[in-house]
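Taking it in order: structure first as structure tokens, then the write-up.
Residue numbers (the working numbering): 347 to 747.
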């Protein structure tokens, strides 16, 4: 199973994250091509190699011909992302989760409703492309876990659309609640709100796995020079060893007998968007023979507070049971196969090195079926057959070697 770990040597921003992913091996032209699903005129991405602190890496700059500095409200950004229907549902949901997280933090800081929040720097078209480009890049790596090391925070002041603010910016600190940080003597914004929101949304593991094999390493370079630390963000792609892997996760359970099915559905949706590994409701009968629903949430231990917040605010429960579980997980890889209907991503699970399940991504199948006016099942079966042929061909090549 692949694991992506971010180490912020000097800081983290949206462009540094994308640069680290590209340096790691993400195909920039593919990301740029997919970003054209957004209504951004003249979008282009410039890439250059740079050496910082004796380390060679990649620097990225996103350019647009539109007025990229304009402020935007959350509903407008939602509409842009939802309109990118050539992207997978997972990428769109994660992109929305990044902006929802930012909006909630800004609303708390400024004391207004999140729907009325003006995104200034983050609402610029190049920043929106930055965030979405990072998520498309992570998806292309087919990773199932992301962890983030301690983040360095600078000091002094920062200048932004709201004027002069203490460094780190209030939004950055709010976004990093519960995450390890280290204060460093840098007089600039080492971690931006965009970088913090992206990393905290992607993060679904507390630490990199051990033991694990290092597959690739990438370095994303910032633009600050002359500081105490090199302005570098490192991304490490790892793979766990063995036939499968075991991990500990948290099980949250609660029973409610005075809520509606609609609210249960909303709650489950919010839990999954916030990073739960699974969330579902079971019909039960409680004391006094009352029909009720038992909600169960499985999540990483680090997401405990967020899951509890959703359960306590969206349901009528007065308490939540908590217990640790150990689960075994098969190694998985995400592959792309060519079919008569177009390219489709397929998830392959392995046990003891042998493929045991081959599952096409349903969202890809749905979109290709719509484009060709055929049944989704027909596209699904075509992708499954293509994937099985590819697995057999790859196995034959390995035997020949």
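For each residue, glycine too, the CB sits at the ideal point set by N, CA and C.
Boundaries cannot be given for residue 386, as no alpha helix (DSSP H) includes it and DSSP labels it neither H nor E. Secondary structure note for residue 650: its alpha helix (DSSP H) is the uninterrupted segment 650-660. The alpha carbon of residue 569 has as its nearest neighbour, out of 431, 520, 356 and 549, the alpha carbon of 356. Around the C-beta of residue 431, fewer than 16 other C-beta atoms lie within 10 Å, and the residue is accordingly described as exposed. For residue 490, there is no enclosing beta strand (DSSP E), as DSSP gives it neither H nor E. Here DSSP, grouped into helix, strand and coil, assigns residue 645 to strand. For residue 603, there is no enclosing beta strand (DSSP E), as DSSP gives it neither H nor E. Per DSSP, reduced to three states, the secondary structure at residue 679 is strand. Boundaries of the beta strand (DSSP E) harbouring residue 700: 700-706, taken from the DSSP string. Where residue 512 is concerned, the enclosing beta strand (DSSP E) starts and stops at 509-512. Setting aside the 5 residues that flank it on each side, residue 512 is surrounded in the same chain by 503, each with a C-beta closer than 7 Å to its C-beta; the list follows chain order.
Checking the DSSP bridge columns, you'll see residue 567 partnered with 578. Relative to the Cα of residue 423, the nearest Cα in the group 441, 600, 407 and 433 belongs to 441. Put simply, of 347, 547 and 366 the residue whose alpha carbon is nearest the alpha carbon of residue 579 is 366. In this structure, the beta-carbon distance from residue 369 to residue 564 falls below 8 Å.
The beta carbons of residue 559 and residue 584 sit about 7 Å from each other, so the pair counts as a contact at 8 Å. Shown here for residue 729: same chain residues with a beta carbon closer than 7 Å to its own, the five before and five after excluded, namely 683, 685, 690, 692, 706 and 711 in chain order.
Beta bridge pairing from DSSP links residue 629 with 639. Secondary structure at residue 351: strand, using DSSP grouped into helix, strand and coil. Going by DSSP, residue 692 is part of the beta strand (DSSP E) stretching over 688-697. Across the structure, residue 539 and residue 736 are spaced so that their CA atoms are roughly 42 Å apart. If the five residues before and after residue 593 are omitted, its C-beta is found closer than 7 Å to the C-beta atoms of 673 and 675, all from its own chain and listed in chain order.
Residue 541 sits close to residue 360, with the two beta carbons spaced by under 8 Å. Cβ contact annotation for residue 398 (same chain, cutoff 7 Å, sequence separation greater than five): 567, 576, 577 and 578, in chain order. Relative to residue 640, the option among 647, 510 and 600 whose CA is nearest is 600.
A buried status is given to residue 427, since no fewer than 16 other beta-carbon atoms sit within 10 Å of its beta-carbon. DSSP places residue 403 inside the beta strand (DSSP E), whose first and last residues are 401-409. For residue 557 and residue 349, the gap between their C-alpha atoms comes out near 12 Å. Exposure of residue 505 is indicated by the presence of fewer than 16 other C-beta atoms within 10 angstroms of its C-beta. Between residue 602 and residue 622, the C-beta gap is not smaller than 8 Å, which leaves the two residues out of contact. For residue 452, the enclosing alpha helix (DSSP H) starts and ends at 435-456. In the same chain as residue 625, and ignoring 5 residues on each side of it, the C-beta atoms closer than 6 Å to its own belong to 614, 617, 618 and 643, in chain order. Using a 10 angstroms sphere on the CB of residue 391, the tally of other CB atoms reaches 16 or more, which defines it as buried.
Leaving aside the five residues that flank residue 670 on each side, the residues in its chain whose CB is nearer than 7 Å to its CB run, in chain order, 594 and 596. Residue range 503-506 is occupied by the beta strand (DSSP E) that includes residue 503. When the Cα atoms are used, residue 450 and residue 741 turn out to be separated by approximately 49 Å.
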